[in-house]
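Below is one structure, written out as structure tokens, with a few remarks after it.
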Ligand SMILES: Cc1cc2nc3c(=O)[nH]c(=O)nc-3n(C[C@H](O)[C@H](O)[C@H](O)COP(=O)(O)OP(=O)(O)OC[C@H]3O[C@@H](n4cnc5c(N)ncnc54)[C@H](O)[C@@H]3O)c2cc1C
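Numbering (our numbering), first residue to last: 65 to 550.
See the structure below:
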């Protein structure tokens with residue numbers, strides 16, 4: 065019975081293991097952490113609520129296996145569509161009609177950029193960014209003849225910055241040529257209020273029951289010993305040597321970028337180049353919990369906070385935030401009647417991620433980290449409706465921020481994206497997706513997903529499934545490529 069080593073127990077590795085077990089393979093799952101799930105992970109807040117450190121969203125509702133798993137596990141999801149609040153640079157909440165108008169312009173331009181990228185990718189310069197596209201399109205939509213046109217344009221540009229929170233890098237580094245690779249499965253983006261926990265448990269079940277799982281085992285070298293019989297040797301940091309007939313490597317793209325020398329013989333130039341070319345973002349998030357969601361309206365009010373919200377270019381917190389980084393947040397309390405905690409979820413990326421995770425890395429205790437985070441976010445949450453310093457409901461009960469940038473096994477970042485300068489993004493993805501089957505070395509993970517699901521939990525799941533099926537196919541001697549080693 066062929067023995068497959070699957071490196072990494074995130075969604076890709078777990079789904080791949082499931083498929084291989086179904087086809088009768090002997091599978092050893094090698095995981096560097098002491099837990100399953102990789103970037104899918106939950107933390108408990110002091111309030112007792114669990115929150116996701118990795119994915120919160122299901123991107124697309126048409127034929128999305130993660131949505132099917134959410135339904136199967138009764139995982140609560142919520143729609144956030146059409147809601148958002150915006151605060152200007154003085155901290156004043158913008159009237160809803162203006163939010164709708166300017167956000168509408170910004171999303172129209174994003175749609176136009178997708179259409180442009182899809183249609184003209186071949187001729188768009190690799191150096192053009194999504195930001196460049198905005199600079200051409202905003203004046204067309206807010207002409208010089210419009211009253212206060214400069215102010216209005218500035219506003220749309222500032223709102224557009226939120227693109228960074230989708231991909232983990234700044235809008236001015238987002239490739240326009242390969243913007244189409246950011247397009248997701250059709251349908252809505254749903255927020256997983258019930259967390260990804262039950263989804264993960266269901267995906268992991270076959271591996272837990274049928275595979276040999278080696279925890280806290282970090283792979284540092286993969287050797288192809290003999291091209292003819294295809295035996296691979298996997299070396300671990302602990303000095304172990306494991307032999308397999310096939311190896312599926314699901315370590316994140318960020319890890320691959322830092323370890324292209326972990327392969328013997330070296331990876332072909334085309335694959336090394338592909339790994340180098342595709343970008344790796346750094347989205348991070350922080351949760352801040354309160355005894356009650358003090359910001360929710362007590363009765364019909366004009367200015368309430370809801371959905372994905374922004375505090376633009378804050379000029380009132382310059383001692384801690386001299387760069388005036390926008391603050392993007394989602395209030396969770398109104399999303400679900402039972403599953404949603406009285407919590408604010410902040411998203412940050414790029415330089416702000418580097419700064420916050422850099423500061424957190426210097427702090428030894430959880431208490432010091434909490435103190436830093438609360439000081440950082442207080443200028444922003446204190447602007448929300450009904451905030452009163454003396455009211456106990458407005459005093460945070462706890463907080464938690466992710467540190468994916470400090471996490472080597474997450475590749476020191478969040479997920480793949482497409483940066484200016486990229487010349488053949490689609491070919492690079494296909495090269496990683498192909499892997500080196502002739503050498504028994506297969507790659508899976510969100511960076512090898514189908515184009516509509518790159519960088520997502522769905523994409524990771526599909527990528528593992530696809531490699532599992534391809535390996536089964538390669539060994540198939542039976543009818544229709546089904547089980548051969550039972
Ligand atoms: C902050 C954040 C927000 C996100 N938001 C969303 C979202 O809303 N929706 C969405 O769909 N997706 C989102 N994603 C992306 C999603 O989490 C990933 O695409 C998906 O979880 C990746 O799964 P994977 O199996 O490819 O990789 P991983 O989950 O990273 O699994 C790889 C595994 O390999 C292990 N490993 C790494 N190196 C080694 C080694 N050398 N030896 C042994 N083991 C190793 C790691 O510990 C890990 O368990 C988000 C990610 C982050 C970080």
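Think of the CB as a built atom: it goes at the ideal place given N, C-alpha and C, for glycine as much as any other residue.
Since this is a predicted model, take the numbers as computed values, not measurements.
Could you tell me the distance, in whole angstroms, from the CA atom of residue i to the CA atom of residue j?
i	j	result
residue 509	residue 372	28 Å
residue 434	residue 229	22 Å
residue 242	residue 490	8 Å
residue 183	residue 204	20 Å
residue 208	residue 165	17 Å
residue 84	residue 65	12 Å
residue 521	residue 119	7 Å
residue 217	residue 201	10 Å
residue 177	residue 170	11 Å
residue 133	residue 318	27 Å
residue 421	residue 214	35 Å
residue 494	residue 185	17 Å
residue 463	residue 348	14 Å
residue 130	residue 529	13 Å
residue 374	residue 391	6 Å
residue 460	residue 441	11 Å
residue 232	residue 411	9 Å
residue 244	residue 179	8 Å
residue 197	residue 240	8 Å
residue 436	residue 315	31 Å
residue 139	residue 395	19 Å
residue 269	residue 534	22 Å
residue 246	residue 287	34 Å
residue 408	residue 237	28 Å
residue 307	residue 458	57 Å
residue 147	residue 359	15 Å
residue 296	residue 503	8 Å
residue 497	residue 222	36 Å
residue 280	residue 95	6 Å
Applying the 10 Å Cβ sphere with the 16-neighbour rule, what's the burial state of residue i?
i	result
residue 224	buried
residue 191	exposed
residue 481	buried
residue 276	exposed
residue 340	exposed
residue 531	buried
residue 7	Missing from the structure shown is residue 7; the chain here goes from 65 to 550 and no further.
residue 353	buried
residue 159	exposed
residue 110	exposed
residue 523	buried
residue 150	buried
residue 99	exposed
residue 156	exposed
residue 393	buried
residue 387	exposed
residue 154	exposed
residue 305	exposed
residue 278	buried
residue 536	buried
Just checking residue i against ligand 1 - is the residue's beta carbon closer than 8 Å to any of the ligand's heavy atoms?
i	result
residue 349	yes
residue 527	yes
residue 74	yes
residue 473	yes
residue 71	yes
residue 444	no
residue 561	Residue numbering for the chain in the displayed model covers 65 to 550; residue 561 lies beyond these limits and cannot be assessed.
residue 479	yes
residue 510	yes
residue 129	no
residue 100	yes
residue 95	yes
residue 88	no
residue 514	no
residue 123	yes
residue 137	no
residue 284	yes
task: Count the C-beta pairs between the stretch 378 to 387 and the stretch 467 to 475 that are closer than 8 Å, then say yes if the count reaches three, no if not.
output: no
query: Between the stretch 70 to 78 and the stretch 493 to 513, do at least 3 Cβ pairs fall closer than 8 Å?
result: yes
query: Counting pairs of beta carbons, one from the stretch 315 to 331 and one from the stretch 388 to 404, are three or more of them closer than 8 Å?
result: no
field: Three CB pairs or more closer than 8 Å across the stretch 258 to 266 and the stretch 103 to 117
entry: yes
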